[in-house]
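Protein chains in written order, with my numbering: chain X, 45 to 232; chain L, 778 to 886. For reference, the structure discussed in these notes is given below.
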Amino acid sequence: MSEPISALNHASYDGIAKVQECGLQGMITLRGDLSDKVLAKVVKDATGQKMPGQREALVDGESGVCWMSTDELLVLVPYAEVEAKLAAMTNALSGTHALAVNVSDARAVFSISGSNAREVLGKLAPVELSAEEFQPGQIRRSRLAQVAGAFWMDDAETFRVVCFRSAADYVFTLLKVAAQPGSEVGVY
Amino acid sequence: MLILNCPYCGVDAEESELSGGGEAHLKRFGPGSSDGEFHDYLFMRENPKGVHFERWRHSNGCGKWFHAARCTQTLEVFGTYSAQTTEPPKELKDAITAKRPGWTWREYE
């Protein structure tokens with residue numbers, strides 16, 4: 045078998061913040077009625093997290109769950125466990141009007157860390173990123189310049205950014221330019 | 778810059794995160810309708826100076842369709858509401874009446 049590798053294979057860049065491609069991350073898109081107890085149990089079993097409320101991201105390391113819309117969740121699990129977790133999920137969801145799909149290889153994940161992380165992302169997304177408005181525990185789906193992207197914060201100085209794998213190179217280039225040395229704006 | 782509150786994810790989304798979807802509350806005339814009705818359904822659109830109802834999609838966001846009521850003259854946004862409805866909610870119509878007495882839009886007033 046060939047070895048699976050992520051879109052940019054851990055490429056990184058150091059500027060006013062450190063930008064790094066995080067490597068392989070297991071991701072399952074789960075759609076259904078979020079108030080359904082079966083869905084809540086499936087999420088709990090896969091990640092140990094409760095059902096997230098509106099725009100909540102309950103993420104701990106490589107596993108967690110993010111609220112994507114009123115009927116969609118992004119379930120994060122370690123890459124090696126995706127198939128097993130998905131099989132358990134599909135089994136538990138039989139008879140429920142819901143859909144779980146492995147989208148791990150359709151995505152790329154980046155981290156932006158450092159005290160200027162908010163600045164870097166703030167240049168690319170039309171989102172209020174001040175500390176009062178955006179905190180760890182929240183997720184925001186938006187755009188990064190011209191492509192769709194979602195992000196949440198692991199801690200006060202670290203963002204995790206998810207985009208489509210086909211746009212990984214574009215997003216990495218964007219983040220590199222936004223993180224160029226000397227490009228601090230000083231807004232946040 | 779237009780900023781609309783998405784009623785599904787609660788985000789105050791700016792225009793570049795949204796896609797316009799044209800006029801709201803169109804009634805479809807399909808098979809069985811007269812040529813005149815089908816023509817009007819297909820081509821005739823409101824073009825008001827003032828209160829207008831539109832469909833928008835939070836395309837770079839939660840991906841949901843919703844409705845918005847706004848003024849084409851001042852760009853004031855009166856409110857947004859769910860797509861799961863066939864007419865504007867009463868509270869919103871009352872709020873518009875308070876600001877624009879005597880407004881009409883198609884059969885609504």
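Backbone N, C-alpha and C define an ideal beta-carbon position, used for all residues, glycine too.
Inter-residue CB distance, residue i and residue j (contact presumed, cutoff 8 Å)
| i | j | result |
| --- | --- | --- |
| residue 796/L | residue 187/X | That pair is no contact at about 11 Å. |
| residue 192/X | residue 837/L | 5 Å |
| residue 75/X | residue 115/X | 6 Å |
| residue 83/X | residue 142/X | 6 Å |
| residue 73/X | residue 145/X | 5 Å |
| residue 71/X | residue 148/X | 5 Å |
| residue 117/X | residue 87/X | 7 Å |
| residue 209/X | residue 51/X | 5 Å |
| residue 868/L | residue 802/L | With 8 Å as the limit, residue 868/L and residue 802/L do not qualify as a contact, their Cβ atoms being about 17 Å apart. |
| residue 60/X | residue 160/X | 4 Å |
Proximal chain L residues relative to residue i, where beta-carbon distance stays under 8 Å
| i | result |
| --- | --- |
| residue 161/X | Result: empty, since nearest Cβ-Cβ is about 20 Å, beyond 8 Å. |
| residue 151/X | Going along chain L, no residue has its Cβ under 8 Å from residue 151/X, so there is no contact; the nearest lies around 16 Å. |
Minimum Cβ-Cβ distance from residue i to chain L less than 9 Å
| i | result |
| --- | --- |
| residue 176/X | no |
Beta bridge counterpart(s) of residue i as assigned by DSSP
| i | result |
| --- | --- |
| residue 111/X | 117/X |
| residue 192/X | 187/X |
| residue 830/L | 846/L |
| residue 62/X | 58/X, 157/X |
| residue 182/X | 100/X |
| residue 71/X | 120/X |
| residue 851/L | Its beta-bridge partners do not exist; DSSP assigns none. |
| residue 796/L | 834/L |
| residue 146/X | 72/X |
| residue 789/L | 782/L |
| residue 859/L | 843/L |
| residue 883/L | Answer by DSSP bridge pairing: none, since residue 883/L is not bridged. |
| residue 197/X | 203/X |
C-beta neighbour in chain X for residue i, strict 9 Å
| i | result |
| --- | --- |
| residue 870/L | no |
| residue 867/L | no |
| residue 782/L | no |
Contacts that residue i makes with chain X (C-beta to C-beta distance below 8 Å)
| i | result |
| --- | --- |
| residue 785/L | 113, 114 |
| residue 841/L | 113, 114 |
Listed by chain order, chain L residues near residue i by CB distance under 9 Å
| i | result |
| --- | --- |
| residue 186/X | 788, 790, 794, 837, 838 |
| residue 48/X | Residues of chain L passing the Cβ test: none, with the nearest at roughly 28 Å. |
Partner residues on chain L for residue i, Cβ-Cβ distance less than 7 Å
| i | result |
| --- | --- |
| residue 170/X | 791, 793, 794 |
Any C-beta of chain B under 9 Å from that of residue i
| i | result |
| --- | --- |
| residue 190/X | The structure shown has no chain B; the protein chains it does contain are X and L. |
Legend entry - Where the region 791 to 818 of chain L meets chain X: residues whose CB sits under 7 Å from a CB there: Only 791, 793, 794 from the region 791 to 818 of chain L bring a Cβ to less than 7 Å from some Cβ of chain X.
Inset, instruction - Could you list the residues in the region 89 to 103 of chain X with a C-beta less than 9 Å from some C-beta on chain L, going in chain order? - result: Result list: 98, 99.
Legend entry - Near-chain L residues of the region 191 to 215 of chain X (beta-carbon distance less than 7 Å), N- to C-terminal order: Answer in chain order: 192.
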